[in-house]
Amino acid sequence: MSETVSILFVGDVVGGLGKRTLLALLPSLRDRYAPDFIVVNGENAAGGVGITPKIAREMLAAGVDAITLGNHTYRHREVYAYLDEEERILRPANFLASQPGHGWCVVRASGTRLGVVSLSGNLFMKAGRAVFPEVDSALHALAGKVDHVLVDMHAEATSEKVAMGWHLDGRVTAVVGTHTHVPTADARILPGGTAYITDVGMTGPRGGVIGVNRDQALTSMVTQMPIRFETSSEDPWLNGVVIRASDEPMRALEIEQVLLPAPGVV
Ligand SMILES: [Fe+2]
Ligand SMILES: [Fe+2]
Numbered sequence: 071m072s073e074t075v076s077i078l079f080v081g082d083v084v085g086g087l088g089k090r091t092l093l094a095l096l097p098s099l100r101d102r103y104a105p106d107f108i109v110v111n112g113e114n115a116a117g118g119v120g121i122t123p124k125i126a127r128e129m130l131a132a133g134v135d136a137i138t139l140g141n142h143t144y145r146h147r148e149v150y151a152y153l154d155e156e157e158r159i160l161r162p163a164n165f166l167a168s169q170p171g172h173g174w175c176v177v178r179a180s181g182t183r184l185g186v187v188s189l190s191g192n193l194f195m196k197a198g199r200a201v202f203p204e205v206d207s208a209l210h211a212l213a214g215k216v217d218h219v220l221v222d223m224h225a226e227a228t229s230e231k232v233a234m235g236w237h238l239d240g241r242v243t244a245v246v247g248t249h250t251h252v253p254t255a256d257a258r259i260l261p262g263g264t265a266y267i268t269d270v271g272m273t274g275p276r277g278g279v280i281g282v283n284r285d286q287a288l289t290s291m292v293t294q295m296p297i298r299f300e301t302s303s304e305d306p307w308l309n310g311v312v313i314r315a316s317d318e319p320m321r322a323l324e325i326e327q328v329l330l331p332a333p334g335v336v
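For the sequence shown, the tail end lands on 336 under my numbering, and the numbers increase by one without skipping.
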């Protein structure tokens, strides 16, 4: 039996409640899944939109190996310099080269090198460069430096995410979709050996509207008038996936959804 590598990926952490849910559940997730790597999408961690250096440092101190982001990357100015300084926090690789930060990194654990790549879709999203050629460039840059690669495809359109799964099948270990905050039921290993899911879901208040206070979201939709949005505080859950891989590079053995309520977290 060859050695296996286990990667826990956690879907978009929303607000303080999402962060507290993540931190509260991490010890039991470690016991249960023994992840060699933990990667978290943190694009909604600061009050529901964006992330700050303080929050990112808290996650990294708790044992998170890398943080991916998305369309809300630049909401908080204080994170701009940090995105350049901290290797383990990633904004989408297909943003403009002139924008702060970088789109991939390599993290190491148990003698294994994991490349992590953050991407943004182009359909219904603002990303300065085309995602398909840019992921090819990222993989070219990582070639020979990694044993496994996890790609976070942060995108609105399910079609674009499915297409990215096929584009990368056999070339990376996992393609995980984020951004819609709703977990999909299509986790599987593609024929070339890449673990794939269209959306991992979110970590935070399930009682709202993809994280937003339910009454405010409904008022906005019903009245069509502007209203201030706050983060919901109801019904925290953690949504993630665990990917198990063999010692064969870029091959996954299985992908399992992790959908856990956290009723004690407030
Ligand atoms: Fe998000
Ligand atoms: Fe997003």
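Idealized CB from N, CA, C, for every residue including glycine.
If you count every other CB in all the chains shown that lies within 10 Å of the CB of M71, and 16 or more means buried, which is it?
At M71, the pLDDT of 43 sits below 50, so the modelled position is not reliable and the matter cannot be decided from this model.
Residue range of the alpha helix (DSSP H) that I125 falls in?
Secondary structure note for I125: its alpha helix (DSSP H) is the uninterrupted segment 123-131.
For the alpha helix (DSSP H) holding R178, just list the boundary residues, first then last.
Boundaries for R178: no alpha helix (DSSP H) harbours it, while the beta strand (DSSP E) harbouring it runs 174-179, taken from the DSSP string.
Determine the direct distance from the alpha carbon of A163 to that of D217, and round the result to whole angstroms.
Looking at the two C-alpha atoms, the distance is approximately 20 Å.
Residue range of the alpha helix (DSSP H) that includes L99
Run containing L99: 85-103, per the alpha helix (DSSP H) assignment.
Does the beta-carbon of D285 have 16 or more other beta-carbons within 10 angstroms, so that it is buried, or is it exposed?
That one is exposed.
In terms of alpha-carbon separation, which member of S168, V201, H251 lies closest to V83?
Answer by Cα proximity: H251.
With which residues is E326 paired in a DSSP beta bridge?
For E326, which the question treats as bridged, DSSP gives the partners V312.
May I ask you to report which of helix, strand or coil DSSP gives M223?
Reduced to three states, the DSSP call for M223 is strand.
Among M291, G278, A255, M234, which one has its Cα closest to the Cα of T264?
Checking every option, the nearest Cα to that of T264 belongs to M234.
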